[in-house]
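Numbering (numbering that gives the first Met the number 0), first residue to last: 0 to 124. All residues carry an ideal CB built from backbone N, CA and C; glycine is no exception. Bear in mind the structure is a predicted one, so any value in this text is a computation, not a measurement. Down below is the structure, laid out as C-alpha cells.
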Amino acid sequence: MADAAFEGPALVTEEMVRALVDLFYTRAHADPLLGPFFAAAIPDWPEHLEVVGAFWSRVLRGTEGYRGCVMGAHGRLRMKPAHFDRWLALFEGSAKQTLPPEGAAQAMAVAHALDERLRRFAVQG
Ligand code: HEM
C-alpha cells in the first residue's frame, strides 16, 4: 500500500478554509464599504458562510460540496470597481494569514480569475 506521506499531506485543511472564510467576513463586516453592502445583500448569514466555505473547499481541497454558480450569484448585485478592489485586498490578507503559502497563492489565482470575469459581467457603472 502506498504511503500517503509520499503523496504529500493535504496542503489545506477544512479548518483552514473555515478560518479563511471567518476572517474574511469578520473584516468585510467591519469594512465601511463592504460591510453595509453585504449586510443589505445577504439575508441568511449562516447559509452564506456555508456556501462560500463549500466553494473555497472545492477550490483548495477538491471537495464536491459546492454546486452553485458564482457568476450567477453576483449577476443581480450592483457592484462597482471599488467593491472589487476592497474585496481582493481583504481576501488576500485573510488568505495569507490563514493558509500555507501555496494555498494562499492558489486561492488568489482563483480570486483574480473570478475578479476579472465578474468585473466584466457584473459591474454597474
Ligand atoms: C472577486 C472575487 C469574488 C469571489 C471569488 C466571490 C465568491 C463568492 C461565492 C463563492 C459566493 C457564493 C455563490 C453562491 O451562492 O453559490 C458569493 C456570493 C456573494 N458575493 Fe461574492 N465573490 C467575489 C466578489 C464579490 C464582491 C466584490 C462582492 C461585493 C462587494 C461580493 C458579494 C457577494 C454577495 C452579496 C453574495 C451573495 C449573493 C446571493 O446569495 O444572492 N462578491 N461570492
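Count the other CB atoms within 10 Å of the CB of residue i; is the residue buried (16 or more) or exposed (fewer)?
i, result
"Trp44", "exposed"
"Ala38", "exposed"
"Val69", "exposed"
"Ala106", "buried"
"Ala27", "buried"
"Gly67", "exposed"
Taking residue i as part of the alpha helix (DSSP H), name the residues at either end of that continuous run.
i, result
"Glu16", "The displayed chain sequence assigns Val, not Glu, to residue 16. Segment Glu13 to Ala29, the alpha helix (DSSP H) holding Val16."
"Leu32", "Element bounds for Leu32: n/a, residue is neither H nor E."
"Pro45", "Trp44 to Arg60"
"Met78", "Here Met78 belongs to no alpha helix (DSSP H), and DSSP marks it neither H nor E."
Is residue i near ligand 2 - that is, is its Cβ less than 7 Å away from at least one heavy atom of it?
i, result
"His28", "For the structure depicted, ligand 2 is absent and the ligand set comprises only ligand 1."
Are the stretch 89 to 97 and the stretch 22 to 32 touching, with three or more C-beta to C-beta distances below 8 Å?
For the pair of segments examined, the stretch 89 to 97 was found to touch the stretch 22 to 32: the number of CB pairs separated by less than 8 Å reaches three.
Evaluate contact between the stretch 39 to 57 and the stretch 83 to 90, counting only Cβ atoms and requiring at least three cross-stretch pairs below 8 Å.
Not touching, per the Cβ criterion.
Measuring CB atoms only, is the stretch 114 to 121 touching the stretch 67 to 83, in the sense that at least three cross pairs come out at less than 8 Å?
Enough Cβ pairs lie closer than 8 Å, so yes.
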